[in-house]
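Q: One structure, pasted below without further comment.
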Amino acid sequence: MINYEEELKKFHPSMDVNEAEDAIYSRDLTDVTDILKEMIQDEKEKKGKSVR
Numbered sequence: 141m142i143n144y145e146e147e148l149k150k151f152h153p154s155m156d157v158n159e160a161e162d163a164i165y166s167r168d169l170t171d172v173t174d175i176l177k178e179m180i181q182d183e184k185e186k187k188g189k190s191v192r
């Protein structure tokens, strides 16, 4: 049987939406779009060097 008093003692409120948003956006993570942009830029630079 669940002891509600004990469960309430263990309870920790979840992050506020603003706190969670700050925690998420404060991280500088590379995503697929960043990788693709870098790959395209590298290819453009390689083509520019080979043409000259």
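Note that this note's numbering has the sequence shown beginning at 141, numbered continuously upward.
Using N, Cα and C, we set each Cβ at its ideal position, and we do this for glycine too.
Predicted model only: the values in this text are computed from it and were never measured.
Along the chain, where does the alpha helix (DSSP H) that runs through residue 143 open and close?
A: Run containing residue 143: none; DSSP gives neither H nor E here.
Q: Please return the same chain residues whose Cβ sits closer than 8 Å to the Cβ of residue 158, not counting the five positions on each side in sequence.
A: Cβ within range, chain order: n/a, list empty.
Q: Report the three-state DSSP secondary structure of residue 182 (helix, strand or coil).
A: If DSSP states are grouped into helix, strand and coil, residue 182 belongs with the helices.
Q: Spatial neighbours of residue 161 within its chain, please: C-beta separation below 7 Å, excluding the five flanking residues on both sides.
A: Closer than 7 Å at Cβ, skipping near neighbours: no residue.
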